[in-house]
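**Q** First, the structure itself, so that you have it in front of you.
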Ligand SMILES: [Mn+2]
């Protein structure tokens, strides 16, 4: 499928993380290795997150073309592509600004992804779509991208291969939270990455970021604004937090989990989309023990009410809700919690020092 491609575009989910960006860069080299004259470009809707900055620099050094799409006009030429590759994206909504571009300018589409729940129904069925994905076999898209890279390794210079293997390893490290959760093939693939010369220490180092002052403020706001609830599922008490921040929502969610909550929802008003962005996180062990998935139990029910779309894993993911009213979503979310809980939802309220 990747042979005889003249023009290709690779897109990631909004605010690309290391897994998304590394996979995209590797894919770009895979396509170029098969077609020397292929025009390959990566589009990053709304840019990338902090962890991805070093990977971005490395990809640039490797001569990979990357366009950060802040507004639709940033995508200059609109000639149709032989193929568009969507990497590390659970739902079509997550392509945000490049959604329409993909809808209109791709002769065929390849989805490379490792999420369990996926939503691409908006893509016209007339398009040729191939999807390579499995959450059981791969814990990151970087692992899947590496498998493809492996297939063309004899066509790529060994020094470039070593660098690509290193950024892909960084992608795996990021998505597995430094191997805290892995899939069937993770260690096998990582061993092969190292065989290609991937530098483990360097990969770890790539992901370290100094927390910016704005992210610190966002975390403080996240805690000050959050509401805590107690519900009961399968006889067990579950602590749920709802908060809202303007940015750094995944920092906020991680932080509330570290604080002791089992399930966290963070809402953001997206003024460009005039919609509410939601992300969710669950404490991995509790979600596994209860055998529930947050997407189906909670998030899907909000999408049913408001429209939009989303995806992710049992314990982490996100959605766009087609409503621009934070309060309304919070009220609805509490309603959903009530329907899921075996006892009525109890809000945890404490007096504040005056
Ligand atoms: Mn990923």
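Numbering (the working numbering), first residue to last: 20 to 373.
Note that CB positions come from ideal geometry on N, CA and C, so glycine has one too.
1. Look at residue 35 and residue 107 and say whether their C-beta atoms are less than 9 Å apart.
2. Going by the CB atoms, is the gap between residue 52 and residue 175 shorter than 9 Å?
3. Classify residue 354 as helix, strand or coil using the three-state DSSP reduction.
4. Is the beta carbon of residue 158 sitting closer than 9 Å to the one on residue 191?
5. Let me confirm a value: residue 123 is counted as buried when at least 16 other C-beta atoms fall within 10 Å, else exposed. Which label applies?
6. With 16 as the cutoff for other CB atoms within 10 Å, does residue 279 come out buried or exposed?
7. Using DSSP with H/G/I as helix, E/B as strand and the rest coil, what is residue 204?
8. Could you check whether residue 337 and residue 298 sit closer than 9 Å to each other, using their CB atoms as the reference points?
9. Counting by C-beta, which residues lie closer than 7 Å to a heavy atom of ligand 1, in chain order?
10. Would you call the stretch 300-315 and the stretch 94-102 in contact, with 3 or more CB pairs under 8 Å?
11. Whole beta strand (DSSP E) runs in the stretch 75-145 with 3 or more residues, listed along the chain?
12. Since residue 232 is in the alpha helix (DSSP H), which residue starts that stretch and which ends it?
13. Taking the alpha helix (DSSP H) that residue 175 belongs to, which residues open and close that run?
14. Nearest CA to the CA of residue 268: which residue from 259, 284, 258, 257?
15. Could you spell out where the alpha helix (DSSP H) holding residue 274 opens and where it closes?
16. Excluding the five sequence neighbours on either side, which residues of its own chain have a C-beta within less than 6 Å of the C-beta of residue 104, listed in chain order?
17. Buried or exposed for residue 112, going by 16 or more other Cβ atoms inside 10 Å?
18. For residue 59, which residues does DSSP report across the bridge?
19. For residue 199, would you say it is in contact with chain C, using Cβ-to-Cβ distances shorter than 9 Å as the test?
20. State the CB to CB distance for the pair residue 321 and residue 340, rounded to an integer number of angstroms; the pair is presumed to be in contact (CB under 8 Å).
21. Given a cut-off of 9 Å on the beta-carbon distance, is the pair residue 148 and residue 184 in contact?
22. Can you tell me which of 333, 319, 362 puts its alpha carbon nearest to the alpha carbon of residue 351?
23. Measure the alpha-carbon distance for residue 93 versus residue 138 and round it to whole angstroms.
24. By how many angstroms is the C-alpha of residue 300 removed from the C-alpha of residue 365?
25. Do residue 179 and residue 48 count as a contact pair if the criterion is CB distance below 9 Å?
26. For a test of the three-state rule: what should DSSP assign to residue 304, helix, strand or coil?
27. With burial defined as no fewer than 16 other Cβ atoms inside 10 Å of the residue's Cβ, what is the status of residue 170: buried or exposed?
28. With distance defined between alpha-carbon atoms, name the residue in 248, 247, 156 nearest to residue 206.
29. Using the rule of at least 16 other Cβ atoms within 10 Å of the residue's Cβ for burial, across every protein chain shown, is residue 332 buried or exposed?
**A** Taking the geometry as given:
1. yes
2. Contact: yes.
3. It is helical.
4. yes
5. exposed
6. With fewer than 16 other CB atoms across the displayed protein chains lying within 10 angstroms of its CB, residue 279 is exposed.
7. Coil at residue 204, not helix or strand.
8. yes
9. Answer in sequence order: 36, 38, 39, 107, 133, 159, 160, 194.
10. no
11. 85-88, 102-106, 127-132
12. 232-244
13. From DSSP, residue 175 is part of no alpha helix (DSSP H); its letter is neither H nor E.
14. Checking every option, the nearest Cα to that of residue 268 belongs to 284.
15. Under the DSSP assignment, residue 274 falls in the alpha helix (DSSP H) whose first and last residues are 268-278.
16. 29, 46, 129
17. The residue is buried, with at least 16 neighbouring Cβ atoms inside 10 Å.
18. DSSP output for residue 59 lists 27 as bridge partner(s).
19. In summary, chain C is missing from the structure at hand, where a single protein chain is found.
20. 6 Å
21. no
22. 319
23. 26 Å
24. 20 Å
25. yes
26. Of the three classes helix, strand and coil, the one that applies to residue 304 here is helix, per DSSP.
27. exposed
28. 156
29. buried
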